[in-house]
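Residue numbers (this note's numbering): 15 to 178.
Take a look at the structure set out below.
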């Protein structure tokens with residue numbers, strides 16, 4: 015068993031591939047992000063967003079965002095969103111991302127995702143080059159026909175078979 019503290023974030027903690035969307039229909043952005051639930055009742059999530067990202071700027075202005083859990087057909091999109099800066103290009107146009115109106119926030123949903131978790135920021139705090147947001151879930155939906163995508167050890171995996 016190998017143990018290297020510096021690799022923990024990339025290899026030791028598998029996570030859902032999350033596509034964060036922020037902004038409004040007129041000014042929007044999307045990026046990959048690390049998120050997780052911290053409470054089921056009330057439903058609360060945390061997400062880490064780089065301080066120098068366009069998504070961070072939009073979240074600071076609107077106080078809301080959507081966590082779109084990627085489906086297996088969105089690997090190419092996840093790679094593209096994680097490698098570009100939204101202030102320089104319109105990622106929705108550049109990568110043919112189809113936005114969809116959300117139920118409770120102005121930020122768009124990313125069509126084709128496994129699930130959409132609409133969030134309103136409660137508080138935030140800086141950590142290194144990031145801002146960690148604690149947010150309340152204001153609405154969510156799942157497309158049960160889709161298979162969620164996970165990320166582990168710098169690779170993508172489908173989450174489709176239950177282990178009993």
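Glycine is no exception: its CB is placed at the ideal position from the N, C-alpha and C atoms.
State yes or no: is the C-beta of residue i within less than 8 Å of the C-beta of residue j?
i, j, result
"residue 46", "residue 87", "no"
"residue 85", "residue 126", "yes"
"residue 133", "residue 81", "yes"
"residue 166", "residue 28", "yes"
"residue 145", "residue 70", "yes"
"residue 30", "residue 111", "no"
"residue 59", "residue 116", "no"
Keeping to the same chain, check which residues put their C-beta closer than 6 Å to that of residue i; ignore five residues upstream and five downstream.
i, result
"residue 179", "With the chain running from 15 to 178 in the structure shown, residue 179 is simply not present."
"residue 89", "170"
What do you get for residue i, buried or exposed, if any count of 16 or more other CB atoms within 10 angstroms of its CB means buried?
i, result
"residue 42", "buried"
"residue 180", "Since the first residue of the chain shown is 15 and the last is 178, residue 180 is not available in this structure."
"residue 78", "buried"
"residue 51", "exposed"
"residue 156", "exposed"
Below 8 Å on the Cβ atoms is my guess for residue i versus residue j; work out the distance and round it to an integer in Å.
i, j, result
"residue 128", "residue 83", "5 Å"
"residue 76", "residue 49", "That belief does not hold up - the Cβ atoms of residue 76 and residue 49 are roughly 17 Å apart, past 8 Å."
"residue 68", "residue 91", "Not a contact, Cβ separation roughly 17 Å."
Who are the near neighbours of residue i in its chain, counting only those whose CB is closer than 8 Å to its CB and skipping five residues on each side?
i, result
"residue 161", "85, 86, 128, 172, 173, 174"
Quick one: residues in its chain with C-beta nearer than 7 Å to the C-beta of residue i, no 5 flanking neighbours on either side, listed in chain order?
i, result
"residue 152", "118, 119, 132, 133, 134"
"residue 114", "122, 123, 125"
"residue 40", "none"
Does the count of Cβ pairs from the segment 102 to 122 and the segment 54 to 63 closer than 8 Å reach three? The segment 102 to 122 is not in contact with the segment 54 to 63.
Inter-stretch contact at 8 Å, needing at least 3 Cβ pairs: the segment 130 to 147 / the segment 170 to 177: No, the segment 130 to 147 does not touch the segment 170 to 177.
So, do the segment 33 to 42 and the segment 50 to 57 have three or more beta carbon pairs nearer to each other than 8 Å? In short, these stretches do not touch, since the Cβ pair count stays below three.
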